[in-house]
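Below is one structure, written out as structure tokens; comments come after it.
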Amino acid sequence: MQEYKFSATAAFGLEAVVKREMIKLGFTDIKVSDGRVDFTGGIEAIPVCNIGMRSTNRILLIIGEFKALTFDELFENAKALPWEEWITKDGKFTVTGKSVKSKLFSVPDIQSIVKKAVVEKLKKKYKTDWFDETGPEYTIRAALLNDTATLTIDTTGAPLHKRGYRERAVLAPLKETTAFALIDLSYWKRDRILLDPLCGSGTIPIEAALIAKNIAPGLYRNFASEKWPQIPPKLYNETREKFKAAADFSFMPEIFGSDRDEDAIEIARHNAAIAGVGDCVVFETRPLSEVVLPRERDYGFAITNPPYGERLGAMREVEKLYADMGRVFNRNKTWSVYTLTADEDFEKFFGRRADAKRKLYNGTIKTDYYQYHGPKPPRK
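If you use the numbering used here, the sequence shown corresponds to residues 46 to 425, in order.
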């Protein structure tokens with residue numbers, strides 16, 4: 046079986062989460078670097094990762110990597126790559142680019158030169174000077190880092206954080222991939238209560254329910270590579286059926302979400318229904334100061350992404366919010382509390398120091414993930 050090289054894009058700080066998912070899916074040849082997790086696999090890796098991965102945004106097929114100090118080197122090396130093995134004669138392809146710490150820094154020029162190189166290679170293969178571009182779509186990504194060019198084809202299409210269930214959202218919503226990472230880093234298990242007391246449009250509770258029921262995040266959406274002739278249509282269909290068979294649709298976790306915004310709660314309920322988990326997530330309109338831990342149960346998990354200065358603008362209101370969080374959750378030290386915020390004074394207002402902090406990026410905002418570890422429940 047032929048092996049291919051792939052790269053799963055990762056938000057900075059979440060590479061280990063992506064790697065952990067890769068291992069669970071059965072991949073072993075894994076290499077981690079900033080913002081990406083590379084791995085090898087057969088052609089079946091494309092549908093498996095696109096349908097099954099929760100933490101990455103894209104699965105990229107690596108066509109080649111090489112040093113490029115001049116535009117001539119970029120052109121010649123790009124032209125030498127086997128584009129004809131993937132891009133059909135009628136294929137429609139575009140080139141995106143980026144450059145970091147490289148001599149070749151003009152992204153428009155990088156895109157133009159790579160596009161020209163690919164066209165020249167395809168001209169030679171198909172013996173034509175004209176391409177209709179009416180067939181499958183291919184997005185080529187040209188990324189330069191420290192003078193090394195990595196040229197890939199995006200197998201995903203719309204990014205993987207777009208699960209398909211969030212038809213409506215509140216201002217500055219948390220990406221689904223980041224929400225999964227927060228849950229994964231908390232080591233919450235599906236038999237424990239989970240609460241997001243500032244749930245907004247419900248992303249964290251919905252992602253937790255999908256995890257609890259083992260519903261693959263890409264089960265009900267489409268991908269760019271589904272139309273590629275190199276991937277038999279039955280491969281995507283069979284992969285979907287395997288993930289569907291592995292799901293535990295009947296399991297009913299105890300997951301709660303609340304928010305003071307009645308419109309946000311309405312949106313959250315709508316999104317949960319679209320995601321197929323509306324039967325097991327309880328949403329209610331309630332300000333944080335009035336939150337009561339569900340059924341006063343011990344050993345629960347609170348995971349939340351509260352507003353912070355960059356998003357809310359009114360620091361006094363933010364500080365009061367953090368103080369309310371402290372009053373709610375410091376009453377019961379058996380609860381584990383996980384909070385993502387950019388406010389470096391969070392611990393002061395919450396009322397105690399975190400057991401651990403992890404630096405993460407929420408989009409372009411540098412944040413800390415404050416972790417308060419409650420004790421493990423006694424064995425039954």
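Yeah, the Cβ is synthetic: ideal placement off N, Cα and C, and Gly gets one too.
Simplified DSSP state of residue i, which is helix, strand or coil
{"i": "Ser100", "result": "coil"}
{"i": "Thr349", "result": "strand"}
{"i": "Leu190", "result": "strand"}
{"i": "Thr379", "result": "coil"}
{"i": "Asp74", "result": "coil"}
{"i": "Tyr415", "result": "strand"}
{"i": "Leu357", "result": "Note that Leu357 scores 47 on pLDDT, short of 50, meaning its location in the model is unreliable and no value can be drawn from it."}
{"i": "Val93", "result": "helix"}
{"i": "Ser303", "result": "strand"}
{"i": "Pro422", "result": "coil"}
{"i": "Thr133", "result": "coil"}
{"i": "Val322", "result": "coil"}
{"i": "Leu119", "result": "helix"}
{"i": "Phe394", "result": "helix"}
{"i": "Leu205", "result": "coil"}
{"i": "Tyr367", "result": "helix"}
{"i": "Val140", "result": "strand"}
{"i": "Leu230", "result": "helix"}
{"i": "Leu385", "result": "strand"}
{"i": "Lys272", "result": "helix"}
{"i": "Lys124", "result": "helix"}
{"i": "Phe294", "result": "coil"}
{"i": "Thr179", "result": "coil"}
{"i": "Ala261", "result": "coil"}
{"i": "Leu333", "result": "helix"}
{"i": "Asn267", "result": "coil"}
Residue burial classification, residue i (beta-carbon count within 10 angstroms, cutoff 16)
{"i": "Glu286", "result": "exposed"}
{"i": "Glu221", "result": "buried"}
{"i": "Leu114", "result": "exposed"}
{"i": "Thr173", "result": "exposed"}
{"i": "Tyr415", "result": "buried"}
{"i": "Phe296", "result": "exposed"}
{"i": "Ile68", "result": "exposed"}
{"i": "Val45", "result": "The displayed coordinates of the chain run from 46 to 425. Any statement about residue 45 would go beyond what the structure contains."}
{"i": "Met46", "result": "exposed"}
{"i": "Asn102", "result": "buried"}
{"i": "Thr73", "result": "exposed"}
First through last residue of the beta strand (DSSP E) which encompasses residue i
{"i": "Asn407", "result": "401–407"}
{"i": "Glu329", "result": "326–330"}
{"i": "Lys9", "result": "Summary: the structure shown does not reach residue 9, with the chain confined to residues 46 through 425, and so no result is reported for it."}
{"i": "Leu240", "result": "239–241"}
Neighbourhood of residue i by C-beta distance below 8 Å, restricted to the same chain and skipping five residues each side
{"i": "Thr141", "result": "Gln156, Thr184, Ile185, Arg186, Ala187"}
{"i": "Lys137", "result": "Glu178, Thr179, Gly180, Pro181, Glu182, Tyr183"}
{"i": "Trp213", "result": "According to the sequence provided, residue 213 is Arg. The question's Trp does not apply to it. Same-chain partners within the cutoff: Ser246, Ile312, His315, Asn316."}
{"i": "Ser231", "result": "Phe346, Ile348, Ser381, Tyr383, Gln416"}
Residues near residue i by beta carbon distance below 7 Å, same chain, minus five either side
{"i": "Ile96", "result": "Ala261, Gly263, Leu264, Thr284, Arg285, Phe288"}
{"i": "Tyr210", "result": "Ile251, Asn316, Ile319, Ala320"}
{"i": "Asp79", "result": "Phe57"}
{"i": "Thr195", "result": "Ile107, Glu110, Ala188"}
{"i": "Leu190", "result": "Val145, Lys146, Ser147"}
{"i": "Asp192", "result": "Lys112, Ala113, Leu114, Ser147, Lys148"}
Per DSSP, the bridge partner or partners of residue i
{"i": "Thr54", "result": "Arg81"}
{"i": "Ile198", "result": "Leu106, Ile185"}
{"i": "Ile410", "result": "Asn407"}
{"i": "Phe111", "result": "Ala194"}
{"i": "Gly86", "result": "Tyr49"}
Contacting residues, own chain, Cβ-Cβ under 6 Å from residue i (five flanking each side not counted)
{"i": "Val326", "result": "Pro250, Ala254, Ile300, Ala317"}
{"i": "Ala162", "result": "Phe120, Ala123, Lys124"}
{"i": "Arg99", "result": "Phe225, Pro262"}
{"i": "Phe445", "result": "With the chain represented from 46 up to 425, any question about residue 445 goes unanswered, as that position is not in the structure."}
is_contact[residue i, chain D] using C-beta, thresh 7 Å
{"i": "Ile410", "result": "Annotation note: the requested chain D is absent from the structure, which comprises a single protein chain."}
Where the alpha helix (DSSP H) containing residue i begins and where it ends
{"i": "Ser157", "result": "152–171"}
{"i": "Arg213", "result": "Here Arg213 belongs to no alpha helix (DSSP H), and DSSP marks it neither H nor E."}
{"i": "Ser147", "result": "Ser147 -> no alpha helix (DSSP H), and no H or E assigned at all."}
{"i": "Met67", "result": "60–69"}
{"i": "Glu252", "result": "248–257"}
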